[in-house]
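Notes for the one structure printed next.
Chains as they are written, first to last, in UniProt numbering: chain A, 1 to 137; chain B, 1 to 137.
Right, dumping it as structure tokens:
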């Protein structure tokens, strides 16, 4: 292993751990996105060890706040999440985990937890003419 | 207004409010996704009033945990988020907000906060042959 490689074999590499901004319970939010369709499937939470397992095993592991235990997605349901990439956000309190989701991400059997909850009524916003003509994306 | 319409004019409609599962600070996580490219841009937090404003004004409003104030995205930066849709998840503790993001979502000037933080080293996972051949998505 070269000096530049991270070592997550027994604990989360300190260079990653020091970048995390955890909530009072030691958790960061993890947004789970299907890697090819880019559908947002669910949001879970990870502590340092859940993140370490997610980075090193090819499978997503959360910390279950309700059950207070590690939860490797799919172990009971078969609805495995295979890890494709993990990115940390600018201030270290959120993760974006791109996965290949087998079957349903939601415990209700829906593909996405947001399909289960469903849309709320919104007033849709639109760019101004100036913004449309600008060079911004 | 018919009986079926939600009324968010002065406060968040009780039928929506009762579905929210807030953290101890009264907040739910809001995943912000560009509506057409489906890029995940950032994660923010909303209380009931921030959600009400987001649903009714065409613009995304967060509750800033660091500044303890409402934060209508783009008011100082110009990097406005126009609301296209808002969905609640199955257990009411996360929102998916599809937006049209003008310019950069990240305060650093990057399009996405996850581009700014960047990728972590991962072991990539793969479906089993059985899962590849199955009828699951």
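For glycine and all other residues, C-beta sits at the position ideal for the given N, C-alpha and C.
Between residue i and chain A, is the shortest Cβ-Cβ distance under 8 Å, so that the two count as touching?
{"i": "residue 121(B)", "result": "yes"}
{"i": "residue 70(B)", "result": "no"}
{"i": "residue 59(B)", "result": "yes"}
{"i": "residue 129(B)", "result": "no"}
{"i": "residue 17(B)", "result": "no"}
When you compare only the Cα positions, how much space is there between residue i and residue j?
{"i": "residue 79(A)", "j": "residue 11(A)", "result": "26 Å"}
{"i": "residue 1(A)", "j": "residue 90(A)", "result": "Any reading at residue 1(A) needs caution, since the residue's pLDDT is 46, under 50, leaving its predicted position unreliable; the model's value is listed next. In a straight line, the C-alpha of residue 1(A) is about 27 Å away from that of residue 90(A)."}
{"i": "residue 70(A)", "j": "residue 93(B)", "result": "19 Å"}
{"i": "residue 102(A)", "j": "residue 130(A)", "result": "43 Å"}
{"i": "residue 28(B)", "j": "residue 40(B)", "result": "17 Å"}
{"i": "residue 6(A)", "j": "residue 58(A)", "result": "16 Å"}
{"i": "residue 53(A)", "j": "residue 8(B)", "result": "42 Å"}
{"i": "residue 36(B)", "j": "residue 100(B)", "result": "8 Å"}
{"i": "residue 116(A)", "j": "residue 105(A)", "result": "10 Å"}
{"i": "residue 68(B)", "j": "residue 15(B)", "result": "26 Å"}
{"i": "residue 127(B)", "j": "residue 24(A)", "result": "35 Å"}
{"i": "residue 38(A)", "j": "residue 13(B)", "result": "31 Å"}
{"i": "residue 111(A)", "j": "residue 32(A)", "result": "12 Å"}
{"i": "residue 125(B)", "j": "residue 133(A)", "result": "43 Å"}
Where does the unbroken beta strand (DSSP E) through residue i begin, and where does it stop?
{"i": "residue 117(A)", "result": "No beta strand (DSSP E) holds residue 117(A); the alpha helix (DSSP H) holding it covers 113 to 117."}
{"i": "residue 28(A)", "result": "28 to 34"}
Looking at the C-beta of residue i, does it have a partner C-beta in chain D at a distance below 8 Å?
{"i": "residue 100(B)", "result": "The structure shown has no chain D; the protein chains it does contain are A and B."}
Cβ closer than 9 Å: which chain B residues qualify as neighbours of residue i?
{"i": "residue 26(A)", "result": "Correct list: empty, because the minimum Cβ distance to chain B is about 14 Å."}
{"i": "residue 50(A)", "result": "Here the premise fails: no neighbours, minimum Cβ distance about 13 Å."}
Which chain A residues are close to residue i, counting only those with a beta carbon under 8 Å from its beta carbon?
{"i": "residue 116(B)", "result": "89 and 90"}
Ends of the alpha helix (DSSP H) at residue i?
{"i": "residue 18(B)", "result": "Residue 18(B) -> no alpha helix (DSSP H), and no H or E assigned at all."}
{"i": "residue 25(A)", "result": "Counting along the chain, residue 25(A) falls outside any alpha helix (DSSP H), and DSSP gives it neither H nor E."}
{"i": "residue 130(A)", "result": "129 to 133"}
Would you say residue i faces chain B, with C-beta separation under 8 Å as the test?
{"i": "residue 20(A)", "result": "no"}
{"i": "residue 73(A)", "result": "no"}
{"i": "residue 85(A)", "result": "yes"}
{"i": "residue 125(A)", "result": "yes"}
{"i": "residue 76(A)", "result": "no"}
{"i": "residue 9(A)", "result": "no"}
{"i": "residue 1(A)", "result": "For residue 1(A), the pLDDT reaches just 46, beneath the cut-off of 50, and the residue's location in the model is therefore unreliable, although a value from the coordinates is still provided. No, because no Cβ of chain B sits closer than 8 Å to the Cβ of residue 1(A)."}
For a contact defined as C-beta to C-beta under 7 Å, what are the partners of residue i on chain A?
{"i": "residue 33(B)", "result": "40"}
(request) Return the chain-ordered ranges of every beta strand (DSSP E) run that is complete within the UniProt domain "Phosphoribosyl-AMP cyclohydrolase" (42 to 114) of chain B and spans a minimum of 3 residues. (result) 61 to 64, 69 to 72, 81 to 88 and 94 to 101
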